[in-house]
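Right, one structure below, let's go through it.
Residue numbers (my numbering): 1347 to 1586.
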């Protein structure tokens, strides 16, 4: 170890004196040689601890590099999470919220707003209407394999004065329901078609109105019904 120490001193002497006449060494090169020799000597010093030395550029890079620490999520209580889920849960749609419930009312209320008395009279099945004995400008005939269902209603003016019943602008909905099948009434030019009835009725007198449905000859009307609705009110006429 002592030999290496003296060799180092000898090298320093040769560099600083012996070669001064032949080669010029810059200050930077001289510093590099001195640093190398000092490092070689200090490696054998037991009290010396080697450390990493940064240059100016390396120190600036080291300062710019930062470590991003991801925060650890805090555990959420099960009861709190459950409570939050219940508060944000959308209400379930129910049938009652989407289905309009109709109130049962009388024929007089649904058709005439109780200004006239309206009653179901009868029904009949036929191949044409009116029959040939009735003096009319035209007759109704169904398609082949079908027949006509004529449903009659009585409309009475219960007051003592003459009144006009006008259903031309009414939005009454008529449906024939037989074996789960729904049929709408036919549009006719009959003056007593209940869908567009407009006529004067003397006090205490009555008139009739009809609905005409075209149905299959194989259809049995018994057990069927007619549902009449106006807004949120409806009336049902059952066939017996």
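We put the CB at the ideal spot given by N, CA and C, even for glycine.
Output the boundary residues of the beta strand (DSSP E) element that contains residue 1501.
1492 to 1502
What would DSSP say about residue 1584, mapped onto helix, strand or coil?
strand
Could you have a look at residue 1456 and say whether DSSP puts it in helix, strand or coil?
helix
Could you tell me which residues DSSP pairs with residue 1576 in its beta bridges?
1579
Mapping the DSSP letters down to three states, classify residue 1434 as helix, strand or coil.
Annotation note: pLDDT 45 at residue 1434 (below 50); position unreliable, coordinate value reported separately. Residue 1434 falls in the helix class under three-state DSSP.
Helix, strand or coil: which one does DSSP assign to residue 1542?
helix
Hey, how far is the Cα of residue 1530 from the Cα of residue 1547?
27 Å
Between residue 1508 and the rest of its own chain, which residues show a CB-CB distance below 8 Å, the 5 nearest in sequence each way excluded?
1546, 1547, 1548 and 1549
In chain order, what residues of the same chain have a beta carbon less than 7 Å from the beta carbon of residue 1565, not counting five sequence neighbours either side?
1524
Would you call residue 1555 buried or exposed, if buried means 16 or more other Cβ atoms sit within 10 Å of its Cβ?
buried
Can you tell me whether residue 1570 is buried or exposed? The criterion is at least 16 other CB atoms within 10 Å of its CB, across all chains shown.
buried
Which runs of the beta strand (DSSP E) spanning at least 3 residues fall entirely within the stretch 1544 to 1573, listed in chain order?
1544 to 1547 and 1552 to 1562
Taking DSSP as the reference, what is the three-state secondary structure of residue 1511?
strand
Go through its chain and collect everything with a Cβ distance to residue 1458's Cβ below 6 Å, but skip five positions before and after it.
1464
By alpha-carbon positions, which one of 1558, 1532 and 1490 ends up nearest to residue 1498?
1558
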